[in-house]
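Numbering (our numbering), first residue to last: 877 to 1243.
Single-structure report; data block below.
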């Protein structure tokens, strides 16, 4: 089974520190490190491989937080519009990007191609591949999630896709009509936008790196809410990737530890054998072991990723993680592709050899 740890970008910039962390993770039973950055360095991959760990990169698809949301300042039409007609407010660092603009989607697809070919990564995971939602805050008990996507461009695309005509009026009036009279079509449209993007990202990545291990991070919501709010239809998305990774961060969404098993099981129904839960491990050690064991005890999972990996530097959490991984209740299936050793050097050089060819083909078209 896959045993991974998410290591934030900031940690990779501290070479001595990340080296010690990777050594700790390997001793704790981890064999793959996950991260996310707008720009990568081949030295990160080499460092992980030097510790016997696979390196899985992430690409933020519809969020520009890594660049301080610069694209929203240069292209304000990409700013998500809520159902009351207002612009989506910042929630800390997050606001999101409207996913219906073809040119912006193309830019992110080129980023997927670059990361797939440029650094010798062992796998690639799509993140923020959804309609805008700060789910870690907005899905807490007592909060009402904000649904975005009611800008004129998106509504025109919805009309073309559905054959429906949304009456003219203020944005809030048009949103009200859509949600009252065309809710089912609206849900299908939102899912189609995200599924089509994932399908194209997978097609491009694997055309350049045949057999590349691919995944996507999923928002931990019940299916109906997940589809309407984020456009993530797990069964459809799982057809294009190796794993779907629900972010089961129980502490962030203020849920008890047993919630982890509940949300993971919901995903396993739609994508059996392809679910790789990401569990939060920065709480008390007893929670760490229980959360890991609960996630692995769901039939249809293929491993677990701990978040954040830096939390495992604590000795008590290390012991709790090992207990959770060795739980007799584990039902995790094998994933031989990512569970094996890192890329051999010859294969890594072949993977990175396409970087120059890919850059020449792409040019430097930044939005």
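A virtual CB, placed ideally from N, CA and C, is assigned to each residue, including glycine.
Nothing here was measured: the structure is a model prediction, and the numbers come from that model.
Top-ranked residue by Cα proximity to residue i, from the options
| i | options | result |
| --- | --- | --- |
| residue 967 | 1012, 1032, 931 | 1012 |
| residue 903 | 1203, 1198, 1209 | 1198 |
| residue 1037 | 1055, 1065, 1137, 1105 | 1065 |
| residue 1148 | 954, 877, 1163, 1175 | 1175 |
| residue 950 | 919, 980, 962 | 980 |
| residue 1124 | 892, 1140, 878, 995 | 1140 |
Chain-order list of residues whose beta-carbon lies under 7 Å from that of residue i (same chain, five-residue window excluded)
| i | result |
| --- | --- |
| residue 1015 | 1021, 1097, 1129 |
| residue 1080 | 985, 988, 989 |
| residue 1184 | 882, 884, 1158 |
| residue 1004 | 936, 937, 938, 939 |
| residue 1076 | 985 |
Cβ neighbours of residue i in the same chain (closer than 8 Å, five flanking residues each side left out)
| i | result |
| --- | --- |
| residue 932 | 880, 908, 909, 910, 911, 997, 998, 999, 1000, 1001, 1089, 1091, 1214 |
| residue 1072 | none |
Status (buried if at least 16 other CB within 10 Å, exposed otherwise) for residue i
| i | result |
| --- | --- |
| residue 939 | buried |
| residue 1118 | buried |
| residue 1044 | exposed |
| residue 1179 | buried |
| residue 974 | buried |
| residue 956 | buried |
| residue 1057 | exposed |
| residue 969 | exposed |
| residue 1162 | exposed |
| residue 1027 | buried |
| residue 878 | buried |
| residue 917 | exposed |
| residue 1146 | buried |
Cβ-Cβ separation, residue j to residue i (assumed contact under 8 Å), whole Å
| i | j | result |
| --- | --- | --- |
| residue 1127 | residue 1156 | 5 Å |
| residue 1173 | residue 1207 | 6 Å |
Check whether residue i and residue j have beta carbons under 9 Å apart
| i | j | result |
| --- | --- | --- |
| residue 1095 | residue 1150 | no |
| residue 971 | residue 941 | yes |
| residue 900 | residue 1115 | no |
| residue 1249 | residue 1063 | Because the chain in this structure spans residues 877 to 1243, residue 1249 falls outside the shown range and cannot be described. |
| residue 1121 | residue 1164 | no |
| residue 924 | residue 954 | no |
| residue 1278 | residue 1031 | No statement about residue 1278 is possible, as the shown extent of the chain runs from 877 to 1243 and does not include it. |
| residue 905 | residue 1048 | no |
| residue 1177 | residue 1136 | no |
| residue 1205 | residue 1169 | yes |
| residue 914 | residue 896 | no |
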